[in-house]
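A.B. asks: Sharing a structure here in structure tokens format.
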Amino acid sequence: MNDILERFKSKSVLKQKVYHNTLQVFNELKVVLKDFSLESQKFLRKNKLFKIPVEYLSKGDYEAELSFAGDTLIFLMHTNVFEFPREHSIMRSPYIKEDETRAYCGIIYVYNFLADSLRFNRENDIGYLVARIFVNKEFHFVVEGKRQMDYLSNTFIEESIDYQTLRQILETAVLYCLDFDLLLQPYDMLKELSVAQIKEYSSNMRMMTGKRLGFRFQADPDEQL
984 MNDILERFKS KSVLKQKVYH NTLQVFNELK VVLKDFSLES QKFLRKNKLF KIPVEYLSKG
1044 DYEAELSFAG DTLIFLMHTN VFEFPREHSI MRSPYIKEDE TRAYCGIIYV YNFLADSLRF
1104 NRENDIGYLV ARIFVNKEFH FVVEGKRQMD YLSNTFIEES IDYQTLRQIL ETAVLYCLDF
1164 DLLLQPYDML KELSVAQIKE YSSNMRMMTG KRLGFRFQAD PDEQL
């Protein structure tokens, strides 16, 4: 019984620490998003580009949005703590082998949606996972996602995640979204439309839309952000 109680105690303390670390990082990320929004707005006003919107919105403790130029990045913090699977390559790193509790992480998800999907409440529209940020008990981190950056790797960065790192992650995600264009759907996907569908489209503008909807891209593999 004592072994069970000790395990409860150790796992609970570990997971609470990881949770609070991740929440702290998420709150710092919100500051980064707000600063980016304000700086972008200032630049756009200075250059008289008033029609290009950049807007930050906090939607509670675990969600935030950044909208820009027709795109929206949604940042979601998961409230649970996860461990990397035993077969994952990260488990073979010396950093994890030295202390396996370092493999327990909180997760922040970064999704890309079309801004109009949210504005017009098009519930069937598709969003895409751009990145996942993993944070452990020591504030060390891994970023999994699109378009690898030189300072990131597929194992834990043995430095604490900070404002500048979060800013680099954000800017890379924004650049990825700006290059990730909306493509026309194949003709055969749209050649038939029911009366009910056209009525729904006319009243709610809910025809399913996504940047890669109906297409399969061999040249767009999942990579590190």
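Residue numbering for the sequence shown follows this note's numbering, beginning at 984 and increasing consecutively. Just so you know, even glycine gets a beta-carbon here, dropped at the ideal spot from N, CA and C. Keep in mind the model is a prediction, meaning the values are calculated, not measured.
(1) In the DSSP output, what is residue 1054 paired with across the bridge?
(2) What separation, rounded to the nearest whole angstrom, lies between the Cα atoms of residue 1055 and residue 1149?
(3) So the candidates are 1053, 1013, 1059; which of them puts its Cα closest to the Cα of residue 1045?
(4) Assuming contact is defined by CB atoms lying nearer than 8 Å, are residue 1065 and residue 1090 in contact in what I supplied?
(5) Sorted by chain position, which residues of the same chain lie with C-beta nearer than 6 Å to residue 1143's C-beta, five sequence neighbours on each side aside?
(6) If you draw a straight line from the alpha carbon of residue 1027 to that of residue 1087, how long is it in whole angstroms?
(7) Please classify residue 1105: is it buried, with 16 or more other beta-carbons within 10 angstroms of its beta-carbon, or exposed?
(8) Checking the sheet assignment: what are the DSSP bridge partners for residue 1038?
(9) Round the Cβ separation of residue 1114 and residue 1126 to the nearest angstrom and send it over; I've been treating them as touching at under 8 Å.
(10) How many Å lie between residue 1156 and residue 1004 at the Cα?
(11) Which of the three DSSP states is assigned to residue 1150 in this structure?
(12) Contact defined as beta carbons within less than 8 Å: I believe residue 1049 pairs with residue 1016. What is the distance between those atoms, to the nearest angstrom?
(13) Going by DSSP, name the residue or residues bridged to residue 1115.
(14) Span of the alpha helix (DSSP H) holding residue 1045?
(15) Quick one: residues in its chain with C-beta nearer than 8 Å to the C-beta of residue 1014, no 5 flanking neighbours on either side, listed in chain order?
(16) Using the three-state DSSP reduction, which class does residue 1066 fall into: helix, strand or coil?
(17) Where do the ends of the alpha helix (DSSP H) carrying residue 1080 lie?
(18) Considering only C-alpha positions, which residue in the set 1151, 1162, 1159 is nearest to residue 1018?
(19) Alpha carbon to alpha carbon, how far is residue 994 from residue 987? Give it in angstroms, no decimals.
(20) Candidates 1061, 1083, 1047: which alpha carbon is nearest residue 1071's?
(21) Using only the alpha-carbon positions, how far apart do residue 1094 and residue 1061 sit?
(22) State the beta-bridge partners of residue 1140 as determined by DSSP.
C.D. replies: This is what the structure gives:
(1) 1051, 1097
(2) 17 Å
(3) 1059
(4) yes
(5) 1122
(6) 41 Å
(7) buried
(8) 1050
(9) 6 Å
(10) 22 Å
(11) helix
(12) 5 Å
(13) 1092, 1127
(14) Segment: none, residue 1045 is in no alpha helix (DSSP H) and carries neither H nor E.
(15) 1146
(16) strand
(17) 1077 to 1081
(18) 1151
(19) 11 Å
(20) 1083
(21) 13 Å
(22) 1124
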